[in-house]
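Enquirer: Protein chains in written order, with our numbering: chain W, 1 to 161; chain S, 1001 to 1139. Note that CB positions come from ideal geometry on N, CA and C, so glycine has one too. Pasting in a structure now, in structure tokens, and then I'll have a few things to ask.
Below is the structure:
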């Protein structure tokens, strides 16, 4: 029971530290994120400092975690096991890159900036949820349909041949 | 070094600290797109409540910033609402298809030296740079 509360507290603390860090770093401001991507124009290197700070501390966490058999509040680590570079990974990252470059927003700052109550963040967040729901609910059926059509074509080809 | 860059470095360090805490205590990747996706999944998983609370904490971050420094973080929304709407759709769909965003692939994945994350970060950075360049050119 204590673990349940401890894990809820960890989720809250991690979220708050993350959101406060984003606010301090200046990365809630889409103009500064786009400034980082604008290498040929008004380049703003801030995001490089944010990434340097974030990845170095996160790396320390990763190194410590490799010495542990399990996390402090769970019986095992829940980490992605997939290793292969596939089309969904690259296509998804590219689609995300277009939206990120257009707006200067990614999911973390999009959620955190809702606190400021500005209309563009709510429009962005609502459409982002729609994009997530479209992917999670429709993509499996679209893929299944493609597979079924492909299988049918092979069967038809067998029947004809 | 300019003060704002120091703020960026320290703010980044806090983001890294949040992801390290989440990993060491809870054993999970603090990737925001994955956490949002998990909260929308039906039927609800056992982590639903904690995922929602993480997102609520993320929302509280700027509020605590305001209480500490007496003002909201500065934000400029320069593009039209249509741009933000279309971009939101692409960001939501793309991050789920690509299994992560700036936090999951960027902060956590690069720290773990994950091959998939290195490819994803290189891809969205390159495409983001091209997108900004094209939008500047078009106007």
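Looking at chain W, is there any beta carbon in it that lies within less than 8 angstroms of the beta carbon of residue 1062 (chain S)?
Expert: At least one chain W Cβ lies under 8 angstroms of residue 1062 (chain S).
Enquirer: Determine, using beta carbons only, whether residue 125 (chain W) comes closer than 8 angstroms to chain S.
Expert: Taking Cβ atoms only, chain S reaches closer than 8 angstroms to residue 125 (chain W), which makes this a yes.
Enquirer: So if DSSP puts residue 78 (chain W) in a beta bridge, which residue, or which two residues, is it bridged to?
Expert: DSSP output for residue 78 (chain W) lists S:1028 as bridge partner(s).
Enquirer: What three-state label does DSSP hand residue 71 (chain W) in the structure shown?
Expert: Three-state result, residue 71 (chain W): coil.
Enquirer: Under 7 angstroms Cβ-Cβ, which residues of chain W neighbour residue 1110 (chain S)?
Expert: Ordered by position in chain W, the residues that pass the 7 angstroms Cβ test against residue 1110 (chain S) are 55.
Enquirer: Please report how far the alpha carbon of residue 82 (chain W) lies from the alpha carbon of residue 1051 (chain S), in whole angstroms.
Expert: Each residue's alpha carbon lies about 22 angstroms from the other.
Enquirer: Please list the residues of the region 97-120 of chain W that have a C-beta atom closer than 9 angstroms to any C-beta atom in chain S, keeping them in chain order.
Expert: Cβ contacts with chain S: 97, 98, 99, 100, 101, 102, 103, 104, 105, 106, 107, 108, 109, 110, 111, 112, 113, 114, 115, 116, 118, 119 and 120.
Enquirer: Alpha carbons only, please: which of W:97, W:11 and W:59 is nearest the one belonging to residue 1133 (chain S)?
Expert: Ranking the options by Cα distance to residue 1133 (chain S), first place goes to W:97.
Enquirer: When the Cβ atoms of the region 122-135 of chain W are set against those of the region 1043-1057 of chain S, are three or more pairs found closer than 8 angstroms?
Expert: No, they do not touch.
Enquirer: Residue 85 (chain W): which of S:1010, S:1084, S:1098 and S:1102 sits nearest, CA to CA?
Expert: Here the closest residue by C-alpha is S:1098.
Enquirer: Quick check: what's the CA-CA separation for residue 66 (chain W) versus residue 60 (chain W)?
Expert: Each residue's alpha carbon lies about 10 angstroms from the other.
Enquirer: So which residues of chain S does residue 43 (chain W) contact, with C-beta pairs closer than 8 angstroms?
Expert: Within chain S, no residue comes near residue 43 (chain W); the closest Cβ sits about 10 angstroms away, beyond 8 angstroms.
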